[in-house]
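1 is the number of the first residue of the sequence shown in the UniProt record's numbering; add one for each residue after it.
Read through the structure below, which is laid out as structure tokens, and then see the notes.
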Amino acid sequence: MSDRLRTAQGREIAFDRVEGEGPGVVFLGGFRSDKEGTKALALEAWARARGRAFLRFDYSGHGASSGAFEDGAIGDWFEDALSAIRALTEGPQILVGSSMGGWISLLLAREHPGMVAGLVTIAAAPDFTESLLAEMSGEERRALEQTGRVARPSDYAPEPYIFTRRLIEEARGRLIFDRPLHLPMPVRMLQGTADADVPVPVALRLLDHMTGPDIRLTLVKGADHRFSTPECLKLVAATVLKVGGRAG
Numbered sequence: 001m002s003d004r005l006r007t008a009q010g011r012e013i014a015f016d017r018v019e020g021e022g023p024g025v026v027f028l029g030g031f032r033s034d035k036e037g038t039k040a041l042a043l044e045a046w047a048r049a050r051g052r053a054f055l056r057f058d059y060s061g062h063g064a065s066s067g068a069f070e071d072g073a074i075g076d077w078f079e080d081a082l083s084a085i086r087a088l089t090e091g092p093q094i095l096v097g098s099s100m101g102g103w104i105s106l107l108l109a110r111e112h113p114g115m116v117a118g119l120v121t122i123a124a125a126p127d128f129t130e131s132l133l134a135e136m137s138g139e140e141r142r143a144l145e146q147t148g149r150v151a152r153p154s155d156y157a158p159e160p161y162i163f164t165r166r167l168i169e170e171a172r173g174r175l176i177f178d179r180p181l182h183l184p185m186p187v188r189m190l191q192g193t194a195d196a197d198v199p200v201p202v203a204l205r206l207l208d209h210m211t212g213p214d215i216r217l218t219l220v221k222g223a224d225h226r227f228s229t230p231e232c233l234k235l236v237a238a239t240v241l242k243v244g245g246r247a248g
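Have a look at this one:
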């Protein structure tokens, strides 16, 4: 059973932690995903095998953590991640952010660079709420205004995903592309060319937007948004090693 952390905001965050050497590795999952996903578990197994400290957790409203998913927003999940890292890790960490977790990891690196030893993003989806709004039909926009929510089918769950007006409006204070993004730590972006949810132009735009001494983008031909084939998982682990300052 997972341990639980109570945040200053009163939310109960479920987490699993591996003790080990640093810099530790923290996995930040995507929208509606949880800490039991393929990438999180594979990275934990890799960390255990090498004696590395590792943390995976569920944002509020996700997985085993408290709260309802539809009540949450990017700022809430950013606060959850910040609380978990502050309370459950020691020293600067290597953040591995997948999809929405890439957005949250970029916020952490921008606002708390001293906490981040290195950054690895997997199909990072910064500002996806703005893209979502831009592609909504007139009917969906009216539903969002009148009911505060829109349901959209998902390739990752049998039930549709719910996007709320609060999610979109709150995110405007957490955008990445609306201000400079200087990242002094090593940054490695991983992106599949067959990703239908976060296409390659998003990664290229993010690469162009970032400034810093050590930023690289790796494109993997044929990889989709899940980025969970054995080859992709090996690449994630190898990339963590490259930014981690030590071999293992």
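The beta carbon of each residue, even a glycine, is placed where N, CA and C say it ideally should be.
Given the structure is predicted, the values throughout are model-derived calculations rather than measurements.
Within the same chain, and ignoring the five residues on either side of W103 in sequence, the residues whose Cβ sits closer than 6 Å to its Cβ are A125, P126. With respect to the 9 Å criterion, V236 and A42 are classified as neighbours on the basis of their beta carbons.
Assigned with DSSP and collapsed to three states, A151 falls in strand. Residue burial is scored here from C-beta neighbours: F31 has at least 16 other C-beta atoms within 10 angstroms and is therefore classed as buried. Between G24 and G91, the gap from beta carbon to beta carbon is short of 9 Å.
Under the Cβ criterion (8 Å, minimum of three pairs), the region 9-19 counts as touching the region 49-69.
V200 sits in a helix when the DSSP states are folded into three classes. Cβ atoms of V120 and V96 come within 8 Å of each other, at about 5 Å. Nearest to R52 by C-alpha distance, out of V26, G75, G61, is V26. It is roughly 6 Å from the alpha-carbon of L190 to the alpha-carbon of A123. For the 9 Å CB-CB criterion, R17 and D34 do not form a contact.
The DSSP assignment places no complete run of the alpha helix (DSSP H) inside the region 55-82 (cut-off: 4 residues).
For T164, the enclosing beta strand (DSSP E) covers residues 161-164. DSSP places G24 in the strand class (E or B) of the three-state scheme.
Counting only residues of its own chain and dropping the five nearest sequence neighbours on each side, D71 has a CB closer than 7 Å to the CB of G61.
Y156 and L144 have their C-alpha atoms spaced approximately 22 Å apart. The C-alpha of F177 is placed about 8 Å away from the C-alpha of L206. About 7 Å separates the CB atoms of L181 and T211; that is less than 8 Å, so the two are in contact. DSSP, reduced to helix, strand and coil, places G118 within a strand of the structure shown.
For H225, the three-state secondary structure derived from DSSP is coil. Here R6 carries a strand assignment [DSSP, helix/strand/coil]. Straight-line measurement puts the Cα of G118 at about 12 Å from the Cα of G22. Classified as buried, S99 has 16 or more neighbouring CB atoms from the shown chains inside 10 Å of its CB. In this structure T218 is exposed. Its beta-carbon is surrounded by fewer than 16 other beta-carbon atoms within 10 angstroms. Straight-line spacing of the CA atoms in I74 and A49 works out to 33 Å.
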